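See below for the structure under consideration.
Chains as they are written, first to last, in my numbering: chain A, 1 to 334; chain B, 1001 to 1334.
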């Protein structure tokens, strides 16, 4: 590969090379009427002063995996944090930390994927910053995206709204992202066709906005379904009773977990939402979700109980306690 | 050093260790009424829907240097982007990319310095995210901060407002940050007492809000004064005529530049603002700045000309053209 096809330290120095990187790659690929890379900040005229503000960092390895790239993931991750908060995602900022020696071509593919995801999610990247790091002081590229969303006043969400008897729903199969990324790492010697579930959950959260029985929503990313459930027990001081036979898990995910000794309940999802809903409205919510593209596997997977712990009812009717994740690091999964 | 005193990959896994890192370090150090690390997003009720939105990444090496740390720098950098846009900085988000093996103690010192800077700048960190990266896939810690500010309606700023004859002002000596960071790197075999200028420029921008002759402001970070001047020539299609004898440069900065062959006009500042002001109001602006703490060395350093290039008048009355920065990378200067 020609040396001019690689990112160099000069692309981070504030001069001509940096301007070219920003103008010819970032600005071109992520173009929208609000993005002006010649200024340091963006002027936004919002429809409301009542905003939802969130941020997320992205370090997934490999940078490109079946079903997505770190580019689309950086859009979906922040869009989903806004969506589960009951907001409509609107504007994003973008930070890129790029390793010296990264091929331009790969960065270009990743930004194309990012631009496509932003368009599909109806969000605009309106301001950004790039830094270039010497070899071995980064790995490929890391992103941070920070999002502004506008609250949908129909929602009244909070851990404190959860009541015993409420139902626990998920909009699709769990563990797809974590498994797809593991398979994409050659170190495991496995391969497969499984795709990450990386996607916006906004259509799913928006679909529930007219149901006043929606108590709480969260996307089960790092730590998966088990971690969201444990957080509910910690913060709402209530329990989660999960029925393993109702939890959608793809056969490939089950197989990989069996081979590698992972637990699917702790694997990251990037296009899933867990919703806690009044039992009276759970069937209606499920039906709304199942009508959406990608919602075919949505399911009611459990209910909220009094005792603050997470119980998984196994296939054979036994009970297993799901604890907080300890020493099972899968670094750079998201 | 005990192994439990170092950041491990488990601090990034979404489980107990991550919760402890966030609760016991980030949340505790950066505490404010709006920061709730148990939720993924922050609800902000702004005073106006007209906002300034900006982001910046920070990778400075070493992480601690005379006059600051990467923590205070991450506050000042984003606060300054808001300030020079004519906004009052209000809220920040924080991303941390931490290298496995980083000493807790150092991260703690850096977060203390960050918290102190945030308080001094009157901004609150209201949401955040942490990621842990394996050894050699980062270097210490990188931050990204994204800021929201509220516009001061008194300002009417823009490159397009600049006119020939306008004066160019700076609020203090240039190149301190770049030089202090270079000196802090053992590789140069130099040492010195020079401190970075890292600070908020908001008091300086705010002081000018009542002068309708303020056309444009920018903080000369990467690429320094020369790069801001070149940007003016590129975008406003006007020239900058700078008087070297009027530009405040500390003797230590001059010496280091002579020894290492650097040009102070291209060195990063992190607490300086360049303002372009109607000639009629330049003296008044200068006097406002000189009355402020840290503004003693403020100076009128040049004027805007018709011909779109940057000319530096040397001490002996000669002229030197300052071009766009080419191949002079000082990686990880900010």
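Ideal placement from N, C-alpha and C gives every residue a C-beta, glycine not left out.
Quick caveat, the model's predicted, so the values are computed rather than measured.
Neighbour list for residue i in chain A, Cβ cutoff strictly below 8 Å
{"i": "residue 1042 of chain B", "result": "52, 53, 54"}
Proximal residues of chain B, C-beta to C-beta of residue i below 7 Å
{"i": "residue 131 of chain A", "result": "1057, 1059"}
{"i": "residue 15 of chain A", "result": "1223, 1227, 1324, 1325, 1326"}
{"i": "residue 146 of chain A", "result": "1055, 1093, 1146"}
{"i": "residue 142 of chain A", "result": "1097"}
{"i": "residue 62 of chain A", "result": "Under the 7 Å cutoff, chain B gives no residues; its nearest Cβ is about 13 Å from residue 62 of chain A."}
Beta-carbon neighbours of residue i, restricted to chain A and to distances below 7 Å
{"i": "residue 1033 of chain B", "result": "What residue 1033 of chain B touches in chain A: nothing, since even the nearest Cβ is about 15 Å away."}
{"i": "residue 1007 of chain B", "result": "Residues of chain A passing the Cβ test: none, with the nearest at roughly 12 Å."}
{"i": "residue 1239 of chain B", "result": "What residue 1239 of chain B touches in chain A: nothing, since even the nearest Cβ is about 18 Å away."}
Residue i to residue j span [Cα, whole Å]
{"i": "residue 21 of chain A", "j": "residue 1215 of chain B", "result": "28 Å"}
{"i": "residue 1183 of chain B", "j": "residue 1051 of chain B", "result": "38 Å"}
{"i": "residue 206 of chain A", "j": "residue 285 of chain A", "result": "11 Å"}
{"i": "residue 254 of chain A", "j": "residue 264 of chain A", "result": "7 Å"}
{"i": "residue 1244 of chain B", "j": "residue 1162 of chain B", "result": "22 Å"}
{"i": "residue 195 of chain A", "j": "residue 120 of chain A", "result": "18 Å"}
{"i": "residue 64 of chain A", "j": "residue 70 of chain A", "result": "6 Å"}
{"i": "residue 1327 of chain B", "j": "residue 1223 of chain B", "result": "11 Å"}
{"i": "residue 220 of chain A", "j": "residue 158 of chain A", "result": "16 Å"}
{"i": "residue 1001 of chain B", "j": "residue 1103 of chain B", "result": "Its pLDDT being 49, under 50, residue 1001 of chain B is placed unreliably by the model, and the measurement read from it follows with that caveat. C-alpha separation (whole angstroms): 9 Å."}
{"i": "residue 1024 of chain B", "j": "residue 1110 of chain B", "result": "14 Å"}
{"i": "residue 247 of chain A", "j": "residue 237 of chain A", "result": "23 Å"}
{"i": "residue 5 of chain A", "j": "residue 105 of chain A", "result": "7 Å"}
{"i": "residue 212 of chain A", "j": "residue 138 of chain A", "result": "46 Å"}
{"i": "residue 151 of chain A", "j": "residue 334 of chain A", "result": "26 Å"}
{"i": "residue 1117 of chain B", "j": "residue 1074 of chain B", "result": "9 Å"}
{"i": "residue 1169 of chain B", "j": "residue 1299 of chain B", "result": "6 Å"}
{"i": "residue 415 of chain A", "j": "residue 228 of chain A", "result": "Only positions 1 to 334 of chain A appear in this structure, which leaves residue 415 of chain A out of reach."}
{"i": "residue 1016 of chain B", "j": "residue 310 of chain A", "result": "15 Å"}
{"i": "residue 278 of chain A", "j": "residue 303 of chain A", "result": "10 Å"}
{"i": "residue 1281 of chain B", "j": "residue 1322 of chain B", "result": "27 Å"}
{"i": "residue 1019 of chain B", "j": "residue 1038 of chain B", "result": "9 Å"}
{"i": "residue 113 of chain A", "j": "residue 100 of chain A", "result": "21 Å"}
{"i": "residue 1189 of chain B", "j": "residue 1260 of chain B", "result": "11 Å"}
{"i": "residue 1127 of chain B", "j": "residue 1011 of chain B", "result": "18 Å"}
{"i": "residue 262 of chain A", "j": "residue 1209 of chain B", "result": "59 Å"}
{"i": "residue 1007 of chain B", "j": "residue 1131 of chain B", "result": "11 Å"}
Paired residues, beta bridge with residue i - DSSP
{"i": "residue 1045 of chain B", "result": "A:50"}
{"i": "residue 1103 of chain B", "result": "B:1006"}
{"i": "residue 1214 of chain B", "result": "B:1277"}
{"i": "residue 142 of chain A", "result": "A:97"}
{"i": "residue 131 of chain A", "result": "A:97"}
{"i": "residue 76 of chain A", "result": "Residue 76 of chain A is not bridged to any residue."}
{"i": "residue 319 of chain A", "result": "A:313"}
{"i": "residue 1175 of chain B", "result": "None; residue 1175 of chain B has no bridge partner."}
{"i": "residue 167 of chain A", "result": "A:277, A:303"}
Contact with chain A by residue i, beta-carbon distance below 8 Å
{"i": "residue 1127 of chain B", "result": "yes"}
{"i": "residue 1326 of chain B", "result": "yes"}
{"i": "residue 1242 of chain B", "result": "no"}
{"i": "residue 1091 of chain B", "result": "yes"}
{"i": "residue 1001 of chain B", "result": "Because residue 1001 of chain B sits at a pLDDT of 49, beneath the cut-off of 50, its placement in the model cannot be relied upon, and the point is left open."}
Any C-beta of chain B under 8 Å from that of residue i
{"i": "residue 227 of chain A", "result": "yes"}
{"i": "residue 379 of chain A", "result": "Shown here, chain A extends from 1 to 334; a query on residue 379 of chain A therefore has no answer."}
{"i": "residue 235 of chain A", "result": "yes"}
{"i": "residue 153 of chain A", "result": "no"}
{"i": "residue 95 of chain A", "result": "yes"}
{"i": "residue 10 of chain A", "result": "yes"}
Where residue i meets chain B, residues with beta-carbon distance less than 9 Å
{"i": "residue 206 of chain A", "result": "Residues of chain B passing the Cβ test: none, with the nearest at roughly 16 Å."}
{"i": "residue 260 of chain A", "result": "Correct list: empty, because the minimum Cβ distance to chain B is about 16 Å."}
{"i": "residue 136 of chain A", "result": "1136, 1137, 1139"}
{"i": "residue 378 of chain A", "result": "Residue 378 of chain A falls outside the range modelled here, since chain A spans only 1 to 334, and no answer is possible."}
8 Å Cβ cutoff, residue i in contact with chain E
{"i": "residue 1081 of chain B", "result": "Of the chains in the structure shown, none is chain E; the protein chains are A and B."}
Neighbour list for residue i in chain B, Cβ cutoff strictly below 8 Å
{"i": "residue 201 of chain A", "result": "Chain B residues near residue 201 of chain A: none, gap ~12 Å exceeds 8 Å."}
{"i": "residue 330 of chain A", "result": "1013"}
Neighbour list for residue i in chain A, Cβ cutoff strictly below 9 Å
{"i": "residue 1084 of chain B", "result": "40, 41"}
{"i": "residue 1185 of chain B", "result": "Within 9 Å Cβ-Cβ: nothing; residue 1185 of chain B doesn't reach chain A, min ~13 Å."}
Task: Segment contact, 8 Å Cβ cut-off, at least three pairs: the stretch 137-147 of chain A with the stretch 43-61 of chain A - done: yes
Open item on the list: Pairs of beta-carbons, one from the stretch 256-270 of chain A and one from the stretch 167-182 of chain A, closer than 8 Å: are there three or more?
Closed with: yes
Open item on the list: Check whether the stretch 1027-1034 of chain B and the stretch 32-45 of chain A are in contact - that is, three or more C-beta pairs closer than 8 Å.
Closed with: no
Open item on the list: Quick check: the stretch 1279-1294 of chain B against the stretch 1229-1236 of chain B, are at least 3 beta-carbon pairs closer than 8 Å?
Closed with: no
- [ ] Evaluate contact between the stretch 1073-1089 of chain B and the stretch 84-91 of chain A, counting only Cβ atoms and requiring at least three cross-stretch pairs below 8 Å.
- [x] no
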